[in-house]
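Chemist:
Chains as they are written, first to last, in our numbering: chain F, 38 to 177; chain B, 110 to 306.
1. Pull the bridge partners of residue 178(F) from the DSSP assignment, please.
2. For residue 70(F), decide whether its Cβ has a neighbour in chain B, counting only Cβ atoms nearer than 8 Å.
3. In whole angstroms, what separates the C-alpha of residue 153(B) from that of residue 67(F)?
4. Rounded to a whole number of angstroms, what is the C-alpha to C-alpha distance between residue 275(B) and residue 92(F)?
5. Buried or exposed: which applies to residue 183(B), given that a residue is buried once 16 or more other Cβ atoms fall within 10 Å of its Cβ?
6. Would you say residue 110(F) faces chain B, with C-beta separation under 8 Å as the test?
7. Could you tell me if residue 114(F) is buried or exposed, where buried requires 16 or more neighbouring beta carbons within 10 angstroms of its beta carbon?
8. Chain B beta carbons: is any one of them nearer than 8 Å to that of residue 82(F)?
9. Run the CB neighbour count on residue 85(B), radius 10 Å, all protein chains shown included, and call it buried at 16 or more, exposed below.
10. So, are the CB atoms of residue 141(F) and residue 173(F) less than 8 Å apart?
11. According to DSSP, is residue 86(F) part of a helix, a strand, or is it coil?
12. For residue 95(F) versus residue 84(F), is the C-beta spacing smaller than 8 Å?
13. At the 8 Å Cβ level, is residue 69(B) part of the contact set with chain F, yes or no?
14. Going by Cα to Cα distance, which pick from 284(B), 291(B), 174(B) and 251(B) is closest to residue 303(B)?
15. Based on Cα-Cα distance, which residue from 79(F), 156(F), 110(F) and 127(F) lies nearest to residue 99(F)?
16. Determine the chain B residues that contact residue 131(F) at a beta-carbon separation under 7 Å, and present them in chain order.
17. What residue from 175(B), 254(B) and 229(B) has the CA that sits closest to residue 130(B)'s CA?
18. Which partner residues does residue 44(F) have in the DSSP bridge list?
19. Name the DSSP beta bridge partners of residue 286(B), please?
20. Could you check whether residue 258(B) and residue 290(B) sit closer than 8 Å to each other, using their CB atoms as the reference points?
21. Just checking my contact of residue 55(F) with residue 46(F) at CB under 8 Å: how many whole Å lie between their CB atoms?
22. Taking Cβ positions, are residue 59(F) and residue 118(F) nearer each other than 8 Å?
23. Which residue marks the beginning of the beta strand (DSSP E) containing residue 101(F), and which one marks its end?
24. Within this structure, are the beta carbons of residue 68(B) and residue 231(B) separated by less than 8 Å?
25. Among the residues of its own chain, which have a CB less than 7 Å from the CB of residue 125(F), if the five just before and after it don't count?
26. Which residues does DSSP pair with residue 125(F) in a beta bridge?
27. Look at the alpha carbon of residue 120(F) and the alpha carbon of residue 103(F), and state the distance between them as a whole number of angstroms.
28. So, for residue 116(F): in the same chain, excluding its five sequence neighbours on each side, which residues have a beta-carbon less than 6 Å away from its beta-carbon?
29. On the criterion of 16 or more Cβ atoms from any shown chain inside 10 Å, does residue 307(B) qualify as buried, or is it exposed?
30. Consider the Cβ of residue 248(B): report whether some Cβ of chain F lies at a distance smaller than 8 Å.
31. Is there a Cβ of chain F sitting closer than 8 Å to that of residue 243(B), yes or no?
32. With a cut-off of 8 Å, do at least 3 Cβ pairs link the stretch 213-220 of chain B to the stretch 259-271 of chain B?
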C-alpha cells in the first residue's frame, strides 16, 4: 500500500486537496480503462475539479485531467469527454473530502492520512447541497 | 477364426475391450493436463523434479486406475458424464451476470420516455451534452442496445440503500440508483446513474 496522490479542487479561487474520486462512476460506465503510472496513483489519473457558482447554485466541474491511457500516453478532458474541455460532473453524488491544514497522522495507504481540518462538500447530481468542516486531532 | 458370441468368455473379452478403450481415452485426456516441458525443466532446476519413487508411484496409480476402469467402465462413464454436467452447470452459474439491483430495491416502473425526460441535465455553462443522461448518454444507449426491450419487458427505477452495494460496485458506498430491465419479475440488466462515495 502507498498513500495515493489526491485529486485537486479549486474552491473559492483556492486550490485544495481533494481526497475523493468523482470520476470513478463515469469511467466505470463508459468502460474507459486507465493505467497506473506509479504505486502512488493506482487509479491512473489526477483530475482538477472546480466548484463554480452560477445563478446562486454551486456546481462541480472537471476542468483539467491528466490520465494515463498507457504509461507514456497521457490524455486530457477532451480525450475522455469528446467535444468538451471542461465538464459538469452531473453523474456524481456523494461527499467530497478536502483535507486542509497540517498533516497530523501520515498513513501509508489510500487517502487515510489525517490533516488538521476536513472540509466535506455534499454533492447531489453535481450540485453542492451542503458543506461542513471537521476539526481533527492527532491520534495519541 | 470365428467369434462365438454364445460363449461367455467372448462377451467378457468384449466388455474388457471396451473398458480398455475407455481407460486409454481417459489416459489420453489426462496427458493434456500434464505440466509442459518448460515447467518440468523449471521444477527440475529448482530441485522439485520427479524422483524415481515418484515415477514408480505414478505407474502404480495409473495401473490401478486402468484396471478399475476396465472392470467398472459403465459406472465410470456415468460418473464422468455427471461430473461433466455438474462442471457445465457451475460454469453457467459463474458466467451469469450479477446485478447490484436486487428485486427488493426496485422502486417503480417507468417508460423509456419517462426515464429519458427525467434525466435531461441542465447546466447554465453548457458543459454537458443536451441529450438524456448528459455525459452518460453513451452508456445509456449501450444499455438499451445490449439488453433490448420487447413487449412484456419492464423498465424499473431502482435505489440501492447506503451500505448495500456489492460486487463490482462495492467501491461505492451508496446510495446507488439507476434503471433496471425486468422480465417476469427478474432483473436482466441495469444501468447505474448515481453511485455515492
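Cβ coordinates follow ideal geometry from the N, Cα and C atoms, glycine included.
Modeler: Walking through what the data contain:
1. Absent from the structure is residue 178(F), since the part of chain F shown begins at 38 and ends at 177.
2. Cβ-Cβ to chain B under 8 Å: no for residue 70(F).
3. 47 Å
4. 38 Å
5. exposed
6. no
7. buried
8. no
9. For residue 85(B) there is no data in the structure shown, the boundaries of chain B being 110 and 306.
10. yes
11. strand
12. no
13. Nothing in the structure corresponds to residue 69(B), since chain B is present only between 110 and 306.
14. When C-alpha distances from residue 303(B) are compared across 284(B), 291(B), 174(B) and 251(B), the shortest belongs to 284(B).
15. Proximity to residue 99(F) across 79(F), 156(F), 110(F) and 127(F) peaks at 127(F), based on C-alpha coordinates.
16. 305 and 306
17. Considering only 175(B), 254(B) and 229(B), the residue with the shortest C-alpha distance to residue 130(B) is 175(B).
18. 55(F)
19. 268(B) and 303(B)
20. yes
21. Residue 55(F) to residue 46(F), Cβ: 4 Å. Contact.
22. no
23. In the DSSP assignment, residue 101(F) falls within the beta strand (DSSP E) that extends over 94-105.
24. Within the shown structure, residues of chain B are numbered from 110 to 306, placing residue 68(B) beyond reach of any answer.
25. 96, 98 and 163
26. 98(F)
27. 17 Å
28. none
29. Since the first residue shown for chain B is 110 and the last is 306, residue 307(B) is missing from the structure and cannot be characterised.
30. yes
31. yes
32. yes
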